[in-house]
Amino acid sequence: MKIHFVMYALMMQSALGFLHSGGLMARHSNKGGLVLRASTSTESTRFWETRQDGCWRPDVNDVDRISWGKPAKKKRTGSRGVPHRLNQEERKLYDLARQKGFLEVLGSSWRSQRRDSPLLNTYRSLCDARGQPQIVLHKDKTGIDSVVVDLSPLRLPDTFPEVAAHCSEAVANIAGEAEIKAPTPFDQDDIDVEVVGGGDDPWETRPIYQLSPFFVVWSLPRSEAKVLGKELARIFCTAEGKGKGGSKKPSVKPGRSRRHGGYGIG
Numbered sequence: 001m002k003i004h005f006v007m008y009a010l011m012m013q014s015a016l017g018f019l020h021s022g023g024l025m026a027r028h029s030n031k032g033g034l035v036l037r038a039s040t041s042t043e044s045t046r047f048w049e050t051r052q053d054g055c056w057r058p059d060v061n062d063v064d065r066i067s068w069g070k071p072a073k074k075k076r077t078g079s080r081g082v083p084h085r086l087n088q089e090e091r092k093l094y095d096l097a098r099q100k101g102f103l104e105v106l107g108s109s110w111r112s113q114r115r116d117s118p119l120l121n122t123y124r125s126l127c128d129a130r131g132q133p134q135i136v137l138h139k140d141k142t143g144i145d146s147v148v149v150d151l152s153p154l155r156l157p158d159t160f161p162e163v164a165a166h167c168s169e170a171v172a173n174i175a176g177e178a179e180i181k182a183p184t185p186f187d188q189d190d191i192d193v194e195v196v197g198g199g200d201d202p203w204e205t206r207p208i209y210q211l212s213p214f215f216v217v218w219s220l221p222r223s224e225a226k227v228l229g230k231e232l233a234r235i236f237c238t239a240e241g242k243g244k245g246g247s248k249k250p251s252v253k254p255g256r257s258r259r260h261g262g263y264g265i266g
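In full-length UniProt numbering, the protein residues as written are 1 to 266.
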């Protein structure tokens, strides 16, 4: 069967278009088994979990390697159909995102030469490797920006609606209510992939570029958007601090890529 890969930037564009088109606001309540809890100083503020054992995830070093166009050691880290190699400007934004815990881009960060966004693809892979949500601030020409949290790197889809509700509630005093944008999952019959470990759960066996994102979206002025980005980074513990980032190009011996499956392509 032919493999249909996700163009993540297109999905992000769709989510942002939905937001700015005046789509209905998602109302969070106790209906449908959704439980909302307000955190207090004596209660743990952690309302999310990430799948650690028994699922396929890339290695952080491999994510850095393919961002330089170098081969990954772990098969399926990258794909010929999903660009990850960063240019100089994207490299700076990527390294800053690792330090701050959230990525800032202009619009959808679409790169016409690649017909996709290598920066978004690479940062999403990094978040998957670390088992954390992806937080992106999309700067708009109007000054009303979008802050988007993608919960898919947590790889626990049954928890996404509840986590999104808690997330919206946790920052309501900063950003108001969020919108939920959950793209339609892939058609299982349209994807032919190698299954790891004999499982049949795509959230356990497939690389992140073959999994649907789950967006939580806010629209607000830039100054407030940056405050929100910092708060979300604190909530989800995504900041790595200064000195982190794959700014140093990895050294790979000639021919090594052939012995290790090329550029991590499966």
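Glycine included, every Cβ here is placed at the ideal spot set by N, Cα and C. Remember, it's a predicted structure, so these values are computed and weren't measured experimentally.
Query: Given 8 Å, three or more beta-carbon pairs between the stretch 206-214 and the stretch 119-132; Result: yes
Query: Three-state secondary structure (DSSP) of Lys242; Result: coil
Query: Span of the beta strand (DSSP E) around Leu211; Result: Unbroken run through Leu211: none, as it is neither H nor E.
Query: Opening and closing residue of the alpha helix (DSSP H) in which Val63 lies; Result: Val60 to Ser67
Query: Coil, strand or helix - Trp48 by DSSP; Result: coil
Query: Through-space distance from Leu93 to Asn87, alpha-carbon basis; Result: 10 Å
Query: Nearest-angstrom Cα separation, counted from Ile174 out to His84; Result: 33 Å
Query: Sufficient close CB pairs (3 or more, under 8 Å) joining the stretch 158-175 to the stretch 211-222; Result: yes
Query: Reduced DSSP secondary structure (H/G/I, E/B, other) of Glu90; Result: helix
Query: Closest residue to Ala97 among Ala225, Gln134, Gln52 and Cys55 (Cα-Cα distance); Result: Gln134
Query: Close-in-space but distant-in-sequence residues of the same chain around Arg130 (CB under 6 Å, 5 per side omitted); Result: none
Query: Three-state secondary structure (DSSP) of Lys230; Result: helix
Query: Reduced DSSP secondary structure (H/G/I, E/B, other) of Lys249; Result: coil
Query: Contacts around Ala225, its chain only, beta-carbon distance under 6 Å, and the 5 residues preceding and following it disregarded; Result: Leu137, Asp145 and Val147
Query: Identity of the residue in Lys249, Arg234 and Glu89 nearest Thr45 by Cα; Result: Arg234
Query: Helix, strand or coil at Asp200 according to DSSP, with G and I counted as helix; Result: coil
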